[in-house]
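Trainee: My numbering applies: residue 3 is where the sequence shown begins, and numbers increase by one. Below is a structure I'd like to ask you about.
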Amino acid sequence: MKKLSIGIAAIAAGVMGLSMTAQAYEVGDMILRVGAATVDPKEDSDAVKLNGSKVSSLDVSADSNTQVGITGTYIFAPHWGIELLAATPFEHDVDLNSNGDKFIKLGSIKHLPPTLSVQYYFAEATSKFQPYVGLGLNYTTFFDESLTSEAKAAGFSHLQLDDSFGLAVEAGLDYMIDDHWTLNASVWKIDINTTATADLGANRVKVDYELDPLVYMVGIGYKF
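Structure (structure tokens):
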């Protein structure tokens, strides 16, 4: 009976060991994560320029927005992965401010910020907790820029924002629920710089705008 008990204990330990190994982030694994992603602008707007001359009392700002975020990671070496961040289009209201206070709601914009990052996973492959950091390149494309009726009544037309390239840094944590499913929380700091232009009657309005958002995402993941 004692030998049988020892044998059963050894088999159980072996099964547990296999289970922990199965939870590993191994070379060739792919992790798909889906969740709620919030873009929270930490903007720095230059003064608005009217026909090239600065109007120091005027600048712009944008609000935050939450959409569905999706990331896909491929583990290409022990501790190393490459990740693509995507999302449904983010939409922000843009205000024209005078001396720091809202002057008019200028319009709304949409953008997509795909980001490709190289990640480093700190923990051993068998750990249920997988903290990681990443460094990558972001491309943000703006579209569907539209002016409010208030802005149009003030004489504004033809709002447009330039696309942006910039660096991105990331930190995140996966918690392995079982061999395939994970809980995930992650944050990115993304360098997004754009130039917004619009017409004001016969005049050209232009402003250099650093969106530079923090992007937060909480969701679930599946390891293939």
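Ideal Cβ placement from N, Cα and C applies to all residues, glycine included.
1. If we cut at 8 Å on Cβ distances, does Leu185 have a partner in chain D?
2. Please give me, in chain order, every unbroken run of the alpha helix (DSSP H) with length at least 4 that falls completely inside the region 143-181.
3. Who are the Cβ neighbours of Asp210 in its own chain at under 6 Å, not counting the five residues just before and after it?
4. Use the C-beta contact count for Trp183: other C-beta atoms within 10 angstroms, 16 or more gives buried, fewer gives exposed.
5. Just checking my contact of Thr40 with Val70 at CB under 8 Å: how many whole Å lie between their CB atoms?
6. By Cβ distance below 8 Å, which residues in the same chain neighbour Val29 in space, the five residues on each side in sequence not counted?
7. How close, in whole Å, do the beta carbons of Ile111 and Ala153 come, if the pair is a contact with beta carbons under 8 Å?
8. Please go through the region 180-216 and give each complete beta strand (DSSP E) segment of 3 or more residues, from N-terminal end onward.
9. At which residues does the beta strand (DSSP E) containing Val36 begin and terminate?
10. Here's the rule: buried if 16 or more other CB atoms are within 10 angstroms of the residue's CB, otherwise exposed. What is Ile194?
11. From which residue to which residue does the beta strand (DSSP E) around Ala1 run?
12. Taking DSSP as the reference, what is the three-state secondary structure of Phe226?
13. Going by C-alpha distance, which of Ser151, Leu118, Glu147, Asp146 is nearest Val135?
14. From this set, Asp201, Leu175, Asn205, Trp190, which residue's C-alpha is nearest Tyr27's C-alpha?
15. If you draw a straight line from the alpha carbon of Ala127 to that of Met178, how long is it in whole angstroms?
16. Could you check where the beta strand (DSSP E) with Ser129 kicks off and where it finishes?
17. State the DSSP-derived secondary structure class of Ala125, mapped to helix, strand or coil.
18. With a 10 Å radius around its C-beta and 16 neighbouring C-beta atoms as the bar for buried, classify Gly102 as buried or exposed.
19. Going by the beta-carbon positions, is the gap between Asn67 and Glu93 smaller than 8 Å?
20. Roughly how many whole angstroms lie between the Cα atoms of Gly157 and Leu202?
21. Smallest Cα separation from Ala204: which of Asn53, Asp181, Leu87, Ala88?
22. Looking only at its own chain, which residues have a Cβ that is under 6 Å from the Cβ of Tyr218, when we skip the five neighbours before and after it?
23. Roughly how far, in whole angstroms, is the beta-carbon of Phe124 from the beta-carbon of Pro116, given that I think they are within contact range, below 8 Å?
Mentor: Short version:
1. The structure shown has no chain D; it contains just one protein chain.
2. 151-155
3. Take Asp210, set aside five residues on each side of it, and the residues of its chain with a beta-carbon closer than 6 Å to its own are Asp48, Thr197, in chain order.
4. exposed
5. About 11 Å separates the two Cβ atoms, so there is no contact after all.
6. Ile77, Phe78, Ala79, Pro80
7. Contact doesn't hold; Cβ gap of about 13 Å is too wide.
8. 183-192, 195-202, 205-212
9. 32-42
10. buried
11. Any property of residue 1 remains undetermined from this structure, which presents the chain solely from 3 to 226.
12. coil
13. Leu118
14. Leu175
15. 11 Å
16. It is not in any beta strand (DSSP E) - Ser129 carries neither H nor E in the DSSP assignment.
17. In the structure shown, the three-state DSSP call for Ala125 is coil.
18. exposed
19. yes
20. 5 Å
21. Asn53
22. Thr40, Val189
23. With a Cβ gap of about 26 Å, Phe124 and Pro116 do not count as contacting.
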